[in-house]
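Mind the numbering: the sequence shown is residues 14 to 457 in my numbering, read in order.
Quick notes on the structure that follows.
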Amino acid sequence: MSEAILLPVVSLRAIAPAAVLAVTGFVLMLLDLLPPRQHREHMAFVGLAGVATSLVATVLLWGSDAPGFQGMVVLDNFALFLTLVIGYATGLILLLSIDYLQRRGMETGEFYILVLFAATGMVIMAGANDLIVVFLGLETMSLALYVLAGIFRTREAGEASMKYFLLGAFASGFFLYGIALIYGSTGSTNLNKIGAAVAAGSARDPLLLIGFGLLLVGFGFKISSVPFHMWTADVYEGAPTSVTALIATGSKAAAFAALVRVLLQALRPLQGEWAWLFWGLAVLSMTLGNVVAIAQQNLKRMLAYSSIAHVGYMLIGVVAGGSLGNGAVLFYLLIYTFTTAGAFGVILLLERGGEEAVSVGDTAGLAARHPLAALALSGSTSSAPPSGRAISGWRSSACSTRRWLPITTCASSSPCTCASRKGRRPTSRPLSRARSRCWSPSGA
Numbered sequence: 014m015s016e017a018i019l020l021p022v023v024s025l026r027a028i029a030p031a032a033v034l035a036v037t038g039f040v041l042m043l044l045d046l047l048p049p050r051q052h053r054e055h056m057a058f059v060g061l062a063g064v065a066t067s068l069v070a071t072v073l074l075w076g077s078d079a080p081g082f083q084g085m086v087v088l089d090n091f092a093l094f095l096t097l098v099i100g101y102a103t104g105l106i107l108l109l110s111i112d113y114l115q116r117r118g119m120e121t122g123e124f125y126i127l128v129l130f131a132a133t134g135m136v137i138m139a140g141a142n143d144l145i146v147v148f149l150g151l152e153t154m155s156l157a158l159y160v161l162a163g164i165f166r167t168r169e170a171g172e173a174s175m176k177y178f179l180l181g182a183f184a185s186g187f188f189l190y191g192i193a194l195i196y197g198s199t200g201s202t203n204l205n206k207i208g209a210a211v212a213a214g215s216a217r218d219p220l221l222l223i224g225f226g227l228l229l230v231g232f233g234f235k236i237s238s239v240p241f242h243m244w245t246a247d248v249y250e251g252a253p254t255s256v257t258a259l260i261a262t263g264s265k266a267a268a269f270a271a272l273v274r275v276l277l278q279a280l281r282p283l284q285g286e287w288a289w290l291f292w293g294l295a296v297l298s299m300t301l302g303n304v305v306a307i308a309q310q311n312l313k314r315m316l317a318y319s320s321i322a323h324v325g326y327m328l329i330g331v332v333a334g335g336s337l338g339n340g341a342v343l344f345y346l347l348i349y350t351f352t353t354a355g356a357f358g359v360i361l362l363l364e365r366g367g368e369e370a371v372s373v374g375d376t377a378g379l380a381a382r383h384p385l386a387a388l389a390l391s392g393s394t395s396s397a398p399p400s401g402r403a404i405s406g407w408r409s410s411a412c413s414t415r416r417w418l419p420i421t422t423c424a425s426s427s428p429c430t431c432a433s434r435k436g437r438r439p440t441s442r443p444l445s446r447a448r449s450r451c452w453s454p455s456g457a
C-alpha cells in the first residue's frame with residue numbers, strides 16, 4: 014500500500030499584508046485595460062484602498078507572532094511595525110504622484126502597478142526568515158524600482174534607470190553568491206538554523222565568512238552605505254521625484270529590516286566581531302554624507318547624500334544591539350520615512366509650469382512667498398532639536414553601552430554642521446516673475 018502524500022500546511026495569514034498588496038496590483042493590471050485611457054487617477058485610489066486594507070490587516074495581526082511556510086516567513090511585531098512604515102510610505106507616494114504625473118503629462122497605469130509590486134517586495138523582505146525569501150523580496154522590489162526610475166523616458170531618467178539596474182544586478186549577484194556559500198557551509202538558508210550552526214562552531218569557517226561578506230555587499234548597496242553608495246546621487250537626481258521618494262523611504266526600510274534580522278538571528282554569536290565593521294561603515298557614511306551634501310546645488314542630490322548620512326546614524330543603532338538598539342533603529346526609520354517623504358512632497362508641490370525647481374538657489378525668497386512650504390521643507394530636513402530626526406538620532410547613539418558610539422556620532426556630525434554654516438552663502442538672488450509663478454503651490 015502506497016504511503017499517503019502529505020501536503021504542506023500553507024498559512025496565508027503569515028503573508029496577509031503582502032498578499033493584499035499583490036492582489037491589488039493584479040486588480041490594477043485589469044483596470045488598466047479598461048477606459049478611460051486618458052485619466053488614471055482612479056487607479057491611484059484603488060491602490061490606496063489596497064494599501065489601507067494591508068495596513069488594517071497588519072494592525073489586526075499585531076502580536077500574533079505567527080510563522081509560516083515552515084519558518085521561512087515570520088509575522089512578529091518587528092515585521093509588522095516595518096510593514097506599517099512601508100505601507101505609510103507607499104500610501105504617501107501614491108497620493109503625491111496623482112497630481113505630479115498629471116502635471117508632467119506622464120500619467121500611466123503602469124506607474125501605480127509597479128509601485129504596488131515594489132511595496133509587495135518590501136513587505137516580503139520585512140517578514141523574511143530565510144535568505145531565499147529575502148532574495149525573492151529583494152528582486153521583486155528592485156525590478157519594479159528599476160523600471161520606475163526610467164518611466165519618464167527622458168535622457169536623465171534613462172541614465173538613472175540604467176545605472177540603478179547595472180549596479181543593482183551586480184549587487185544581487187554578490188548577494189546570491191553569498192547565499193550559495195552560506196548554504197554550502199551550514200546546509201541551510203533558514204536564519205534560525207544558520208544561527209545555530211554559527212553558535213555550534215561554524216563561525217570560523219572561511220566559506221561562511223566569505224558568504225556573509227558577500228551578503229554585506231548586497232545589503233550595503235540597498236541601504237546605500239559607504240562605500241556602496243556611488244549610485245545614489247545620480248539615481249535620486251535622474252529618477253522622477255515621487256519614485257526617488259519611494260527609493261529613499263520604502264526600499265531603505267525593507268533593506269534595514271532584512272539586514273537587522275540577518276545580523277540578530279544568524280550572526281548574533283559574532284556580534285562582537287561584526288560590530289566593529291559596521292561601526293566603520295557608520296562613521297564613513299555619516300562623514301561622507303554630511304560633508305559632500307554641503308557642496309550640492311541640487312536639492313535631490315543633497316537629499317541623496319543626506320540619506321547616506323542617515324544610514325550611518327541608523328547603523329549606530331545596529332552596532333549598539335539589544336532591544337534598545339533595535340528599537341532605536343525602528344524609531345529612526347519611522348521618523349526618517351515621514352520627514353523624507355515630506356521633503357520630497359514639498360519639492361513635488363513646488364514643481365509648476367512643466368519645470369522642476371530643484372536647485373538650491375531656486376529656494377531664494379520661498380519663505381517670504383510661501384512660508385508654510387518653506388517651513389515644511391526646512392522642518393523635514395532639519396536635525397536640530399527638538400525635531401524628530403534629532404530625537405531619533407539621540408536615541409540611536411545613546412542606547413548603547415559602548416560610550417564611544419555617541420562620541421563618534423557627534424564627532425562625525427559637528428564639523429559638518431559648522432562647515433555648512435560657514436561654507437554656504439545664502440542666495441539672495443530673487444526669482445524672476447515667471448520663475449516665481451512656476452513655484453506657486455497653487456499653480457497660479
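No residue lacks a Cβ here, since even glycine has one placed at the ideal position from N, Cα and C.
Since the model is a prediction, treat every value here as computed from it, not as a measurement.
Can you say whether residue i is buried or exposed, counting buried as having 16 or more other CB atoms within 10 angstroms of its CB?
i    : result
M154 : buried
G118 : exposed
F39  : exposed
S336 : exposed
A267 : buried
G76  : exposed
M138 : buried
G334 : buried
W289 : exposed
Q310 : exposed
L343 : buried
G436 : Because G436 carries a pLDDT of 40, less than 50, the predicted location of this residue cannot be relied on, and no value is offered for it.
Considering just the uninterrupted stretch of the beta strand (DSSP E) at residue i, what are its terminal residues?
i    : result
V256 : Segment 254-274 is the alpha helix (DSSP H) holding V256; no beta strand (DSSP E) there.
List the DSSP bridge partners of residue i.
i    : result
V86  : G81, A141
S372 : N311
N203 : D143
Terminal residues of the continuous alpha helix (DSSP H) containing residue i?
i    : result
S336 : 335-362
A35  : 29-44
A70  : 54-73
L23  : The amino acid occupying residue 23 in the given sequence is Val; Leu does not appear at that position. Note, V23: premise wrong, no alpha helix (DSSP H); not H, not E.
D218 : Careful: D218 lies outside any alpha helix (DSSP H) and carries neither H nor E.
G251 : 245-251
Straight-line CA distance for residue i to residue j?
i    : j    : result
A102 : T71  : 15 Å
L301 : R168 : 28 Å
A29  : G214 : 37 Å
L280 : G208 : 6 Å
M56  : L73  : 26 Å
F124 : I223 : 38 Å
L272 : L388 : 34 Å
T96  : N142 : 15 Å
I145 : K235 : 17 Å
Y318 : S372 : 15 Å
L229 : F188 : 8 Å
G134 : F165 : 22 Å
Q51  : L114 : 12 Å
A35  : T262 : 20 Å
I111 : L361 : 11 Å
L88  : L149 : 17 Å
I260 : G231 : 16 Å
E172 : A79  : 43 Å
S67  : L47  : 25 Å
D45  : N203 : 39 Å
A216 : L194 : 13 Å
V23  : V296 : 44 Å
A212 : A306 : 42 Å
L61  : V33  : 12 Å
I321 : S238 : 6 Å
I329 : F291 : 8 Å
G122 : L161 : 12 Å
I348 : T254 : 20 Å
G197 : G186 : 17 Å
V275 : R116 : 42 Å
L25  : A308 : 49 Å
R382 : A258 : 25 Å
M243 : L316 : 14 Å
S201 : Q83  : 13 Å
V332 : L346 : 15 Å
Worksheet item: Residue ranges of each alpha helix (DSSP H) run of no fewer than 4 residues wholly in the stretch 270-318, ordered along the chain?
Response: 284-307
Item to complete: Write down every uninterrupted run of the alpha helix (DSSP H) in the stretch 131-190 whose length is 4 residues or greater and which is fully enclosed by it, in chain order.
Response: 144-162
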